[in-house]
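Start counting at 1 in the sequence shown, then tack on 11, and there's your number in the numbering used here.
Input: a single structure, listed below in structure tokens.
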Amino acid sequence: MFNRNVLQEKSLCAIVKLTREVFRMTETEFYLLDGYKLPRVGFGTYTLNGAAGVRTIEQAIVNGYRLIDSAFNYENEGAVGQAIRNSSVPRDQLTITSKLPGRHQKYDEALDAIQESILRTGLDYLDLYLIHWPNPKEDLYVEAWQALIDAKKWGWIRSIGVCNFLPKHINRLEKETGELPVVNQIELHPFFNQEEQRDYDASKGIITEAWSPLGRASAVLKNEVIGKIADQHDKTIPQVILRWQVQSNVLPIPKASHAKRQEQNLAVFDFELSKEEMAVIDGLTQPDGRIQNQDPAEYQEF
Numbered sequence: 012m013f014n015r016n017v018l019q020e021k022s023l024c025a026i027v028k029l030t031r032e033v034f035r036m037t038e039t040e041f042y043l044l045d046g047y048k049l050p051r052v053g054f055g056t057y058t059l060n061g062a063a064g065v066r067t068i069e070q071a072i073v074n075g076y077r078l079i080d081s082a083f084n085y086e087n088e089g090a091v092g093q094a095i096r097n098s099s100v101p102r103d104q105l106t107i108t109s110k111l112p113g114r115h116q117k118y119d120e121a122l123d124a125i126q127e128s129i130l131r132t133g134l135d136y137l138d139l140y141l142i143h144w145p146n147p148k149e150d151l152y153v154e155a156w157q158a159l160i161d162a163k164k165w166g167w168i169r170s171i172g173v174c175n176f177l178p179k180h181i182n183r184l185e186k187e188t189g190e191l192p193v194v195n196q197i198e199l200h201p202f203f204n205q206e207e208q209r210d211y212d213a214s215k216g217i218i219t220e221a222w223s224p225l226g227r228a229s230a231v232l233k234n235e236v237i238g239k240i241a242d243q244h245d246k247t248i249p250q251v252i253l254r255w256q257v258q259s260n261v262l263p264i265p266k267a268s269h270a271k272r273q274e275q276n277l278a279v280f281d282f283e284l285s286k287e288e289m290a291v292i293d294g295l296t297q298p299d300g301r302i303q304n305q306d307p308a309e310y311q312e313f
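Pasting the structure below:
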């Protein structure tokens, strides 16, 4: 199952050379530090479990999603794998993400968890594997990062990254291992736009992904300011929010169970927000805008 040569055949590293200060993108793709590519919009799978989850993920693939985001703790890696096997889309055209839970950050446990994720999906490898939270009080995230580095070297996973890491956490990874994450997935929506974190990530060549990009159906989806912008473009509020993120060089990971909403969330490349509209949405951010007050400096996830 864990073929150390599988990634050599799929390597895209010759496509592009990147520095830490600059990352390249097209209208529909990001280039990672390691030379691989990601679509500009992904599909979130949190709470999509069992047979119903398989059907929803299958439908997302049919509707054009090529980046599918899962996690060990979502308990749906099997559903993701089944949806992929049911799909007619070639495996090498799909990017599958999973995440390491906090309770398995010790080196050996992290390696076991990565293998378990691969076994659950029934795939030969995973495209992107992330540390879900730094859990700074446990102080094991560097150890976990070394496990991801080795798993990548051995061909189990293609690219490696983190979630919810602050600059100080990423600086430590770089200092102690010499390797930067290619992705940092963080909470990001109009009420919490994470400008400083985004600027830091970009300075290191790290792609910022957004979890809960629509605020988990919070008040942001009823915001009158965004609603007026949506009306001017004949788009929905979620489409305007996702377009704001795309133009901010963020990779949003929205979830949608209904086919129509899945289609709408991808239909964000046929219009553009003005600088003034972007500034208006930027101005909605709040210092305490986190949905559940999950501050990575203190929050523990297991």
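Virtual Cβ for every residue (Gly too), placed ideally from N, Cα, C.
When the alpha-carbon of Leu43 is set against those of Val257, Ser223, Arg169, Glu287, the nearest one is in Arg169.
Linking Leu277 to Tyr76 through their CA atoms gives a straight-line distance of about 8 Å. Partner residues in the beta bridge of Thr108, as assigned by DSSP, are Asp80, Leu139. Cβ-Cβ distances below 6 Å link Asp138 to Thr106, Ile107, Arg169 in the same chain, with the five nearest sequence neighbours on each side left out; the list follows chain order.
Between Pro145 and Tyr136, the CB-CB gap reaches or exceeds 8 Å. Taking C-beta atoms as the reference points, Phe54 and Ala82 fail to come closer than 8 Å. Thr188 and Gln157 have their alpha carbons spaced roughly 7 Å apart. In the structure shown, Arg35 adopts coil according to DSSP, grouped into three states. Taking a 10 Å sphere around the C-beta of Val100, we find fewer than 16 other C-beta atoms and assign the residue as exposed.
Proximity of the region 258-267 to the region 207-220 meets the contact definition, three or more beta-carbon pairs being nearer than 8 Å. Taking the Cα of Trp255 as reference, the smallest distance to any Cα among Ala270, Thr58, Phe282, Glu235 is reached at Phe282.
If you draw a straight line from the Cα of Gly238 to the Cα of Tyr310, it comes to about 33 Å.
When Pro249, Val231, Met289 are compared, the shortest CA-CA separation from Arg272 is found for Pro249. DSSP places Val193 outside both helix and strand once states are collapsed to three, so it counts as coil.
Within the same chain, and ignoring the five residues on either side of Tyr118 in sequence, the residues whose Cβ sits closer than 8 Å to its Cβ are Glu154, Ala155, Gln157, Ala158.
Listed as beta-bridge partners of Phe202 by DSSP are no residues whatsoever. For Thr56 and Ala270, the gap between their C-alpha atoms comes out near 14 Å. Nearest to Ala308 by C-alpha distance, out of Ile264, Val91, Pro147, is Pro147. In the three-state reduction of the DSSP assignment, Ser214 falls in the helix class, which pools H, G and I. Judged by DSSP in its simplified three-state form, Ala162 adopts helix. Contact between Ile171 and Pro192 is confirmed by a C-beta separation of about 6 Å, below the 8 Å threshold.
It is roughly 21 Å from the alpha-carbon of Gln104 to the alpha-carbon of Gln196. Counting other Cβ atoms within 10 Å of its Cβ, Gly64 reaches 16 or more and is therefore classed as buried.
Each residue's CA atom was taken as its position, placing Asp245 and Tyr85 some 35 Å apart.
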